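Colleague: This is the structure, below, for whatever I ask next.
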Amino acid sequence: WHGASWTFIVWGAYHGFFLVLERLFLSKLLLKLPKLISVAYTFVVVAIGWVFFRSENLTYAYNFILKLFSFKGIDVTGFDLEFYIFIVISIVFSFFTISVRGEKMQKLIFKNENKTTTLHVLLWVGCLFLLTLSVSSIAVNNFNPFIYFRF
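Just so we're aligned, residue 110 is where the sequence shown starts under this note's numbering, counting upward by one.
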């Protein structure tokens with residue numbers, strides 16, 4: 110499915126390793142820790158795993174991971190306002206449910222069995238807005254092929 114590359118084998122082993130750890134003991138430990146720590150753990154493990162999944166070769170993946178954790182030579186002067194807006198939106202959407210208000214909203218949306226028609230319409234309009242915004246952003250930016258186009 111993903112081609113014959115060592116990066117996919119490493120990604121599979123990496124992913125399997127953490128699945129086994131979580132089945133053995135890690136999931137129980139993470140439930141006892143503060144939510145911010147367990148979310149940060151998940152974010153870092155998944156982000157590193159995707160480096161292997163997306164990299165062309167293991168050398169590139171290794172160098173990419175080294176650069177992720179070496180904060181040397183970062184030049185933030187080349188970023189424009191759009192970049193910072195995307196960073197803020199990404200952080201809000203990625204970590205919103207860490208807050209009490211975000212967790213309540215998540216329960217309202219996903220675990221509320223008595224959803225009203227108004228709530229359904231609001232969710233539908235919100236999703237449609239985000240879809241339109243995402244498609245518009247992709248359409249006006251430079252060509253960036255979908256990951257599976259290389260297979």
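Note that beta-carbon positions come from the ideal geometry of N, C-alpha and C, so glycine has one too. All values derive from a computational prediction rather than experimental measurement.
Whole angstroms is fine: what's the gap from E191's alpha carbon to S179's?
Modeller: Approximately 25 Å, taken between the alpha carbons.
Colleague: What are the start and end residues of the alpha helix (DSSP H) that includes F205?
Modeller: Taken as a continuous stretch (DSSP letters only), F205 belongs to no alpha helix (DSSP H), as it is neither H nor E.
Colleague: Can we say the region 213-233 touches the region 241-250, given the rule of at least three CB pairs closer than 8 Å?
Modeller: With the cut-off at 8 Å, the region 213-233 and the region 241-250 do not touch.
Colleague: I believe F161 touches V201 by the beta-carbon criterion, under 8 Å. Please report the beta-carbon distance rounded to the nearest angstrom.
Modeller: No, F161 and V201 are not in contact; Cβ-Cβ is about 27 Å, not under 8 Å.
Colleague: Tell me whether N172 sits in a helix, a strand or coil according to DSSP, three-state version.
Modeller: Three-state DSSP puts N172 in a helix.
Colleague: With I218 as the anchor, note down where its alpha helix (DSSP H) starts and where it stops.
Modeller: Element bounds for I218: n/a, residue is neither H nor E.
Colleague: Taking its Cβ as the centre, do 16 or more other Cβ atoms sit within 10 Å of T186, making it buried, or is it exposed?
Modeller: Exposed: under 16 other Cβ atoms inside 10 Å.
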